[in-house]
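Let me begin by presenting the structure, written as structure tokens, before commenting on it.
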Amino acid sequence: MLRSLSTLRFIPKSTTRCRPFSTPARQVPKKTNALGVQTVKPWSELSTPQKVVVASKTTVSLGVIVAGVTLTSAIVYYIGSELFGSQSATSIFSDTVDRIRKDEELIAVLGEPIKGHGEPSRNSRRRNRRITSQVVEDHNNEPHLFMKFYVEGPENQGTVKLEMIKNEKKKWEYKTLYVDVPGHGYNSRRIYLERK
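Going letter by letter, the sequence shown gives residues 190 to 385 in the numbering used here.
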């Protein structure tokens, strides 16, 4: 076996002939930038069908952007007016609970601190309970806001009901506001805060 290896002749690399590989020619786009990304042709170099396609794509993209901005603005406005507007149900609920917390008779009956909440729930994990409110028009087409929620203190609890109407400035004002407090062994009480 050693003899067969010794008879082999080594050919230096410089004298070896290699057949060049044949690779297909790469097709390079006509207009490319330094990174090899195809660039957009100027408007003047486009044919009429290409101009129609580019204009259509631009119009559709612009329409989607405008629709998205409009929808987002409407959602933000609605949420902002509902949460922070002085005429929203949330704001009216907060204002009413503040008035109840300042009433001496209710403080004496319910105790302190007084908390307000929506419909009672048996689920202790459910903290955000819905406040029931409704706007109804009377026979004169005047809107009336009706709301019902609950308050409780360490000594007792009560049901709050209110009715509001719009004044000359189109702002809600109280027509009636009262709290029904059940009596434990006594008669239940209705305590009025507003009555017109």
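Just so you know, even glycine gets a beta-carbon here, dropped at the ideal spot from N, CA and C. Just so you know, these numbers come straight off a predicted model, no measurement behind them.
When the Cα of residue i is compared with those of the options, which residue comes out closest?
i           : options               : result
residue 369 : 359, 358, 360 and 351 : 351
residue 359 : 367, 263, 332 and 256 : 332
residue 347 : 366, 357 and 329      : 366
residue 381 : 336, 322 and 292      : 292
residue 337 : 326, 305 and 329      : 305
In terms of residue numbering, what span does the beta strand (DSSP E) encompassing residue i cover?
i           : result
residue 364 : 361-370
residue 304 : 304-306
Provide the residue span of the alpha helix (DSSP H) that contains residue i, from first to last.
i           : result
residue 385 : From DSSP, residue 385 is part of no alpha helix (DSSP H); its letter is neither H nor E.
residue 281 : 278-291
Going by beta carbon distance, what residues of the same chain come within less than 8 Å of residue i, once the five residues before and after it are set aside?
i           : result
residue 300 : 342, 343, 344 and 345
residue 319 : 307 and 308
residue 303 : 286, 289, 290, 295, 296, 340, 341 and 342
residue 321 : 307, 308, 336, 337 and 338
Would you mind sorting residue i into buried or exposed? The rule is 16 or more other CB atoms within 10 Å of its CB.
i           : result
residue 281 : buried
residue 265 : exposed
residue 334 : buried
residue 190 : Since pLDDT at residue 190 reaches only 47, below the 50 mark, its modelled position is unreliable, and no value is offered.
residue 248 : exposed
residue 361 : buried
residue 349 : buried
residue 252 : exposed
residue 298 : buried
What does a CB cutoff of less than 7 Å around residue i pick up in its chain, not counting 5 residues either side in sequence?
i           : result
residue 363 : 351, 353 and 383
residue 215 : Residue confidence is low: residue 215 scores 45 on pLDDT, short of 50, so the model does not pin down where it sits. No coordinate-derived value is stated.
residue 356 : 362
Kindly identify the DSSP beta-bridge partner or partners of residue i.
i           : result
residue 239 : Answer by DSSP bridge pairing: none, since residue 239 is not bridged.
residue 326 : 332
residue 351 : 336 and 366
residue 378 : 370
residue 321 : 337
Looking only at its chain, what residues have a beta carbon closer than 6 Å to the beta carbon of residue i, apart from the 5 residues adjacent to it on each side?
i           : result
residue 217 : For residue 217, the predicted model reports a pLDDT of 37, less than 50, meaning its position is unreliable and no value from the coordinates is stated.
residue 378 : 370
residue 324 : 332 and 334
residue 284 : none
residue 254 : none
Do residue i and the ligand COA come close, with the Cβ less than 7 Å from some heavy atom?
i           : result
residue 242 : With respect to small molecules bound, the structure shown includes none, and the ligand COA cannot be examined in it.
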